[in-house]
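So the sequence lines, in the order shown, correspond to chains A and B.
Residue 103 in my numbering is what sits at position 103 of the first sequence, and the numbering runs on without skipping anything.
Each number in my numbering comes from the position in the second sequence (counting from 1) with 1000 added on.
Where is the CB? At the ideal position from N, CA and C, for every residue including glycine.
The structure appears below as structure tokens.
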Amino acid sequence: MTPGAESGTDGVRLSRNTFAGDFWANFKRWTVKSTRNPFFLFLSLIQPIIFLVLFTQVFGGVATGAINSGEASVSYTTYLVPAIAMQVALAAAASSGIGLVNDMEEGMFEKVLVSPMNRTAVFLGKTASELLLILIQIGIILVLGTVLGGEIATGFAGAIGIMAVGFLFSVWFVSLSNILAVVSRDQETTALGANIIQFPLLFISTAFLPLDALPGWIQTVAGFNPVTYGVDAARALVLGRDVMTVIELNAFGGIWDTLVPAVSVLLVLDVVVGGVAVYVLKSATSSSVR
Amino acid sequence: MSGTTNTSVSSSTEKGDGEGKTAAILIEGLKLTYSDGTEAVKDVTMEVPQGEFFGFLGPNGAGKTTTIKVLVTLLQPTGGRVEVNGFDVKSKAQEVRESIGYMPQETSVDEELTARENIRFACRAYGVPRERRAERIDELLELVDLADVGDKKSGGFSGGMKKRLDAAMALVHRPSLVFLDEPTTGLDPKARNELWDYFERINERGTTVLLTTQYLEEADHLCERLAVIRDGGIVARGSPSELKRRVGVEFLDVDVEGGRDTAREAAEVLRGEGIFGGDASVEVTDRGLSITANDARSRGSRLMVALDDAGIQVTGFDVREPTLDDVFLAVTDDETDVSGGEDAGSRQGGSE
């Protein structure tokens, strides 16, 4: 018989919590929450799918000329699939902060802080669940794109590569959404903030048209836009060739001339924005008097 | 479990006897000043022995919740010493977190999860071993009467059901100490009574409970001892009956036949016989007398005899003790200072 059963309390005990256990508890909680609301899961896919279908139908004829300057002919669907994959990542990542604010409003945030769980594991578990969801959504878009006539030149390995790019691309936006959440502590602001910057980010990038086809000032801005790097990396994998014109490299050959600089930029961005998010979350969970 | 500082409290006679045991809560000169200079807690000293049902009362903004937030490690004290289950809240925050349960003022359940899933998450959060989880979840659902809705999403629950679920989540690890911050605020009387039963049950099995409440009836019903906080400091402490005694008055209503005229006559008799001391107030009403005195109860029989001798017929007689409301008003009112020292050592001047 345990002492707890005898006295009705377990009393004070040494920690049985492990980092992995705490991670898993939170990963599971957030995953269950998102499956609990499948409507939301598919809702965030609807807009990108509408984009994929409408853009190929409406602009397909016009755009095909712009994207096929000199190179082997590529359908606009194929061209658009990597952009839509990144759009999905943006849309899903934007909801990360909403979950955090919701937890703050529901009091679950405080409840977690009072528990003996490791705080890093708490946030990693939540983020991992969200990233898994993003990977699944990117997978759905890739399958759908293929069904609609798109082709991934690098095959299945390339598709996995696109997911990896999507992962790297999501981290900074998930971080940004969480920073917004902690700073505003308001659901509407967090949702709106992330949604409002989504569209300019997408349009002022190489998502829908190649850099050369864009007006001069947009070309300049696109060079500083993270979406350009995510889309270019994914597109290199879809088309199987170097597509990056923002940073011209010939050192690695083929798709690597795009992948190496794009992935490097995304990594730096992830570390910087992620670092700010960690700092902001740390101060939000600190018990020091403010 | 060797080296544990927790000892089970098996009988009520042991309660309040802090000798040789670590106090569940030990606060010495707690200060909490926010960086903008607001002094939420100025100087709080109190001790709660293990197994006690302790009430922490005070008007809104008095520092109740801030003190609790310090105790549950959400806020670090800016001064003083605070130990929970023998662990310093600053340097041993992790140990404190493991050994306590906390039910915050705002209901906090994950509305997208079922009752069972909420409790399961809490089990994981508090490291309840896997093999004990299923049993404990069922036991807790049973205890808070949510077994039949265990697999329903908690978002659809009533306020009382959510509160009960919240309470269950605070107890998954069978903590030796739980903090209940205004647990019944906003609930209807039925839901409140259900929670009271539940709190009494967990206290009976040895759990120390620190409860804050705005309902004095609640504190009177549940708590063995109370502390009243005002403006960031403790202004009164003691058992509910001690505190009531410290307010020092009892209310005695005597109805006499003959209405106001006879009542006046009766008042004269009382004055002539000197039944009540100078601090008592005797008021003539339409029905008889309304007496406020420190010792109204013990003088009751002399009063009856005196009135009988004077040929005045008494038709009704009612003695009322002060309620905690009276205590609360007295100690939270600037004019009256009944702040005693430790325990019941110092009494208000008027009592014998």
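Contacting residues, own chain, Cβ-Cβ under 7 Å from residue i (five flanking each side not counted)
{"i": "A:V227", "result": "M86, L201, L202, S205, A207"}
{"i": "A:V122", "result": "D22, N26, V112"}
{"i": "A:V171", "result": "D270, G274"}
{"i": "A:V221", "result": "I204"}
{"i": "B:T1262", "result": "V1256, I1312"}
{"i": "A:P261", "result": "M244, I247, L249"}
{"i": "A:L259", "result": "A233, A236"}
Pairwise C-alpha distance: residue j and residue i
{"i": "A:G275", "j": "A:L176", "result": "10 Å"}
{"i": "B:V1009", "j": "B:E1052", "result": "A caution first: B:V1009 carries a pLDDT of 38, below 50, which makes its placement in the model unreliable, though a value can still be read off. Those two C-alpha atoms are separated by around 9 Å."}
{"i": "A:A92", "j": "A:D103", "result": "17 Å"}
{"i": "B:E1135", "j": "B:G1156", "result": "25 Å"}
{"i": "A:F173", "j": "B:L1180", "result": "38 Å"}
{"i": "A:Y79", "j": "B:R1132", "result": "54 Å"}
{"i": "A:F169", "j": "B:R1081", "result": "48 Å"}
{"i": "B:A1062", "j": "B:F1087", "result": "25 Å"}
{"i": "A:I218", "j": "A:Y229", "result": "15 Å"}
{"i": "B:I1068", "j": "B:M1103", "result": "10 Å"}
{"i": "A:V12", "j": "A:N178", "result": "Bear in mind that a pLDDT of 48 at A:V12, under 50, signals an unreliable position, so the number given afterwards is only what the model happens to contain. Using only the alpha carbons, I get a separation of about 35 Å."}
{"i": "A:I140", "j": "A:P48", "result": "11 Å"}
{"i": "A:L135", "j": "B:P1189", "result": "50 Å"}
{"i": "A:T120", "j": "A:L144", "result": "36 Å"}
{"i": "A:I196", "j": "A:S184", "result": "15 Å"}
{"i": "B:N1118", "j": "A:R29", "result": "9 Å"}
{"i": "B:V1209", "j": "B:L1026", "result": "14 Å"}
{"i": "B:Y1198", "j": "B:R1097", "result": "22 Å"}
Closer than 8 Å at the beta carbon, the chain A residues around residue i
{"i": "B:R1081", "result": "In chain order: nothing, as chain A lies at least about 16 Å away."}
{"i": "B:Y1034", "result": "V289, R290"}
Neighbourhood of residue i by C-beta, 6 Å cutoff - its chain only, sequence neighbours within 5 removed
{"i": "A:A181", "result": "G97, L100, V101, T190"}
{"i": "A:R235", "result": "P82, V243"}
{"i": "A:A213", "result": "A66"}
{"i": "A:G125", "result": "F23, N26, F27"}
{"i": "A:Q198", "result": "L90"}
{"i": "B:R1287", "result": "D1255"}
Pair within 8 Å by beta-carbon distance, residue i and residue j
{"i": "B:L1030", "j": "B:V1070", "result": "yes"}
{"i": "B:P1183", "j": "B:L1195", "result": "yes"}
{"i": "B:L1146", "j": "B:A1125", "result": "no"}
{"i": "A:L237", "j": "A:G149", "result": "no"}
{"i": "A:V114", "j": "B:L1113", "result": "no"}
{"i": "A:L45", "j": "A:Q137", "result": "yes"}
{"i": "A:A164", "j": "A:L239", "result": "no"}
{"i": "A:S287", "j": "B:Q1076", "result": "yes"}
{"i": "B:S1154", "j": "B:A1024", "result": "no"}
{"i": "A:V246", "j": "A:L281", "result": "no"}
{"i": "B:V1048", "j": "B:G1101", "result": "no"}
{"i": "A:A233", "j": "A:A94", "result": "no"}
{"i": "B:L1032", "j": "B:T1078", "result": "yes"}
{"i": "B:F1054", "j": "B:R1225", "result": "yes"}
{"i": "B:F1121", "j": "B:L1216", "result": "no"}
{"i": "B:L1222", "j": "B:E1200", "result": "yes"}
{"i": "B:P1322", "j": "B:V1249", "result": "yes"}
{"i": "B:G1150", "j": "B:L1187", "result": "no"}
{"i": "B:L1324", "j": "B:D1253", "result": "no"}
Residue i: CB within 7 Å of a non-hydrogen atom of the ligand MG
{"i": "B:A1115", "result": "In the structure on display, the ligand MG does not appear, and there are no ligands present to speak of."}
8 Å Cβ cut-off: residues of chain B touching residue i
{"i": "A:A25", "result": "F1121, R1124, A1125"}
{"i": "A:P116", "result": "Q1094, R1097, E1098, A1125, Y1126, G1127"}
{"i": "A:N37", "result": "E1112"}
{"i": "A:E110", "result": "L1074, P1104, S1108"}
{"i": "A:S287", "result": "T1073, L1074, L1075, Q1076, A1093"}
Partners in chain A for residue i, counting only beta-carbon separations shorter than 7 Å
{"i": "B:V1072", "result": "V114"}
{"i": "B:Y998", "result": "The displayed coordinates of chain B run from 1001 to 1352. Any statement about residue 998 of chain B would go beyond what the structure contains."}
{"i": "B:I1117", "result": "Per the sequence presented here, residue 1117 of chain B reads as Glu, with Ile not at that position. Within 7 Å Cβ-Cβ: V32."}
Cross-chain neighbours of residue i in chain B, by beta carbon under 9 Å
{"i": "A:K33", "result": "D1110, E1112, L1113"}
{"i": "A:G21", "result": "R1124, G1127"}
{"i": "A:R119", "result": "Those within 9 Å of A:R119 in chain B number zero; the least Cβ separation is about 11 Å."}
{"i": "A:R185", "result": "Chain B residues near A:R185: none, gap ~14 Å exceeds 9 Å."}
Partner residues on chain A for residue i, Cβ-Cβ distance less than 9 Å
{"i": "B:T1107", "result": "E106, G107"}
Spatial neighbours of residue i in its chain, beta-carbon cut-off 8 Å, leaving aside the 5 residues before and after
{"i": "A:F59", "result": "Y76, F208"}
{"i": "B:K1152", "result": "T1114, A1115"}
{"i": "A:N225", "result": "L201, I204, S205"}
Closer than 7 Å at the beta carbon, the chain B residues around residue i
{"i": "A:N17", "result": "G1127"}
**Message:** I want to know whether the region 91-110 of chain A touches the region 1102-1115 of chain B - three or more CB-CB distances under 8 Å.
**Reply:** Per the Cβ contact rule, the region 91-110 of chain A is in contact with the region 1102-1115 of chain B (3 or more Cβ pairs under 8 Å).
**Request:** May I ask you to verify whether the region 1300-1317 of chain B touches the region 1215-1235 of chain B, counting CB pairs closer than 8 Å and requiring at least 3?
**Result:** no
**Message:** Three Cβ pairs or more, each shorter than 8 Å: is that satisfied between the region 1091-1101 of chain B and the region 1027-1043 of chain B?
**Reply:** no
**Prompt:** Would you call the region 1234-1245 of chain B and the region 1282-1290 of chain B touching, i.e. three or more CB-CB distances under 8 Å?
**Reply:** no
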